[in-house]
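Heads up: the structure comes next, in C-alpha cells.
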Amino acid sequence: MSAFGLRAFSGVTVGVVGGLIGLGIPEIEAKRYEGKLKSGNYLIAVHAGDGEEVDRAKEIFENDG
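Read in order, the letters of the sequence shown are residues 2 to 66 in the numbering used here.
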C-alpha cells in the first residue's frame, strides 16, 4: 500500500473505521484515528516489507517532522 492522506476527503470519515479495521487495525485504535481525522489531522500508512523499510519510513517521518 502506498502512503495516503485521508484529509483529502474534506473531513468526511464515513467508513474510515471499517476501512481501518479491514486493514487489520483494532477497532478501538480505528475509532481513535477517526477522532483525530475529524479534528483535521492526517493519517498516513506505509507498507514495509521488512525491518529495514520500517526503519527507513520512521527516519523519513522523523526528519520531516
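Glycine included, each C-beta is placed from N, C-alpha and C at the ideal position.
Which of helix, strand or coil DSSP assigns to residue i
{"i": "A31", "result": "helix"}
{"i": "V47", "result": "coil"}
{"i": "I22", "result": "helix"}
{"i": "G41", "result": "coil"}
{"i": "G66", "result": "coil"}
{"i": "G16", "result": "coil"}
Close beta carbons around residue i, own chain, < 8 Å, minus the five adjacent residues each side
{"i": "G28", "result": "According to the sequence displayed, residue 28 carries Glu and not Gly. Excluding sequence neighbours, E28 sits near V18, I22."}
{"i": "E30", "result": "L21"}
Whole-Å CB distance - residue i paired with residue j, under 8 Å assumed
{"i": "V73", "j": "A49", "result": "The requested residue 73 does not occur in the structure, where the chain is confined to residues 2 to 66."}
Same chain, Cβ closer than 7 Å to residue i, five either side skipped, listed in chain order
{"i": "S11", "result": "Unreliable positioning characterises S11 in this predicted model, as indicated by a pLDDT of 42, which lies under 50. The coordinate reading is nonetheless provided below. The answer is none, since no qualifying residue turns up."}
{"i": "V13", "result": "Low confidence applies to V13: its pLDDT is 46, below 50, so where it sits in the model is not reliable enough to give any reading."}
{"i": "K32", "result": "V18"}
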